[in-house]
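For this note's numbering, add 14 to where a residue sits in the sequence shown, where the first one is 1.
Glycine included, every Cβ here is placed at the ideal spot set by N, Cα and C.
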Amino acid sequence: MYYFYDATYILVLIGAVISIIASMNVKSTFNRYSKGNNRTNMTGAQAAQEILRAAGITDVRIERVSGNLTDHYSPKEGVLRLSDSVYDVNTVAAVGVAAHECGHAMQYNEDYFPIRIRSVVIPLANIGSSLSWPIILLGLVFGATGLMQIGVLLFSLVVLFQFLTLPVEFDASARALRTLRSRNMLSGNELSGARKVLTAAALTYVAALVTSILQLLRLILLTRRND
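Given below as C-alpha cells:
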C-alpha cells in the first residue's frame with residue numbers, strides 16, 4: 015500500500031498524462047492525413063517497394079500485418095510489415111509511415127552506428143524490463159534497500175534503451191522525408207503532412223522516455239527513503 019499511495023506517485027501520473035497526450039496526438043494526426051488520396055495514388059506498399067528498390071535493398075519482403083499503426087521492420091526476418099491502414103491505402107499518412115519503416119531498413123542495410131549500439135542494449139533492456147519490478151517490489155516488501163538498488167539499476171537499462179531509440183527514430187523519419195522529396199512521391203502540402211505524421215509518431219518515443227525517467231526518479235526517491 016505504501017508504494018502505490020506514496021506522494022511520489024504524482025510522477026507516475028504526470029508520465030501517464032504525457033503518454034496519453036502523445037498517443038492521442040499521433041492518432042489524430044494520422045487520421046487527419048488519412049483522408050483523401052495522395053497525388054500519385056501510390057499505396058503504402060507501393061511506396062515501400064519503390065523506396066527499397068531505389069536504396070538497392072532487394073532482400074526485404076513487404077507484408078501486411080493486422081491492426082492500426084502496427085507497422086514495423088523486422089531485421090532478423092528481413093520483413094517490413096505494414097498495417098491495414100497503410101499497406102494498400104493511398105493516403106499521405108500511409109505513404110509517410112511506409113517510408114519511415116523503409117528508413118529503418120536503410121539503417122540496417124548501412125549498418126547505421128546508433129542502431130548497432132541499440133541492438134547491443136536490447137537484450138539487456140529486456141532483462142531489465144522483466145526483472146526490475148519484481149526485485150523492486152521484493153525490496154519494498156522486505157525493506158531490503160540492496161534489492162531495490164539492484165531493481166533500479168535494471169530499470170535504468172530500460173531508460174537507456176529508450177534514450178538510444180530516439181536518434182534511430184528521428185533518423186528514420188529524416189531518411190523517409192528526404193526520399194519522398196527526392197523521388198517526387200510527395201510534394202508541397204503532402205510532404206508537410208507526412209512530416210507532421212512522423213513528428214507526432216516520434217513524440218510518442220519522447221513521451222515514453224520522459225515517462226520512464228519520471229518512473230526512475232520515483233524509484234530512486236523511494237530507495238533513498240527506504241535506506
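Is residue i helix, strand or coil when you go by DSSP?
i, result
"Ile28", "helix"
"Val79", "strand"
"Tyr87", "strand"
"Val103", "coil"
"Met199", "coil"
"Ala158", "coil"
"Met38", "helix"
"Ser187", "helix"
"Met56", "coil"
"Ser252", "This structure leaves residue 252 out entirely; the chain is present only between 15 and 241."
"Ala69", "coil"
"Thr237", "helix"
"Thr22", "coil"
"Tyr219", "helix"
"Tyr126", "coil"
Please go through the same chain and pick out, in chain order, the residues whose beta-carbon is closer than 7 angstroms to the beta-carbon of residue i, but skip the five residues on each side of it.
i, result
"Met15", "In this prediction, Met15 scores a pLDDT of 43, lower than 50, which makes its location untrustworthy; the coordinate-derived value is nonetheless stated afterwards. So no residue of the chain qualifies."
"Leu200", "Asn52, Val106, Val109, Leu194, Ala208"
"Arg189", "Gly117, Met120"
"Arg232", "Thr22, Leu25, Val26"
"Ser133", "none"
Tell me whether the beta-carbon of residue i lies closer than 7 angstroms to the beta-carbon of residue j.
i, j, result
"His114", "Ser187", "yes"
"Val111", "Thr57", "no"
"Tyr101", "Arg67", "no"
"Leu178", "Val135", "yes"
"Phe175", "Ala222", "no"
"Leu152", "Gly29", "no"
"Ile129", "Val182", "yes"
"Val40", "Thr225", "no"
"Leu83", "Ala59", "no"
Who pairs with residue i in a beta bridge, going by DSSP?
i, result
"Val93", "Arg75, Ser88"
Going along the chain, which residues of its own chain have a beta-carbon closer than 6 angstroms to the beta-carbon of residue i, five neighbours each way excluded?
i, result
"Val31", "none"
"Ser48", "Thr105, Ala107"
"Phe44", "Ala107, Val211"
"Ile149", "Leu161, Ile164, Gly165"
"Tyr17", "Note that Tyr17 scores a pLDDT of 49, beneath 50, so its modelled location is shaky; the value from the coordinates is reported in the next line. Cβ within range, chain order: Leu154."
So, at 8 angstroms on beta carbons, what are the nonlocal neighbours of residue i in its own chain, with the 5 sequence-adjacent residues on each side left out?
i, result
"Leu230", "Val166, Phe169, Ser170, Val173"
"Asn55", "Asn104"
"Glu184", "The amino acid occupying residue 184 in the given sequence is Phe; Glu does not appear at that position. Within the same chain, Phe184 has close Cβ partners Ala216."
Q) Taking three-plus beta-carbon pairs below 8 angstroms as touching, is the region 204–217 in contact with the region 22–29? A) no
Q. Taking three-plus beta-carbon pairs below 8 angstroms as touching, is the region 228–237 in contact with the region 159–167?
A. yes
Q: Determine, using beta-carbon pairs with one atom in the region 77–95 and one in the region 140–150, whether at least three such pairs fall under 8 angstroms.
A: no
Q.
Below 8 angstroms, how does it come out for the region 165–175 and the region 61–81: are there three or more Cβ pairs, yes or no?
A. no
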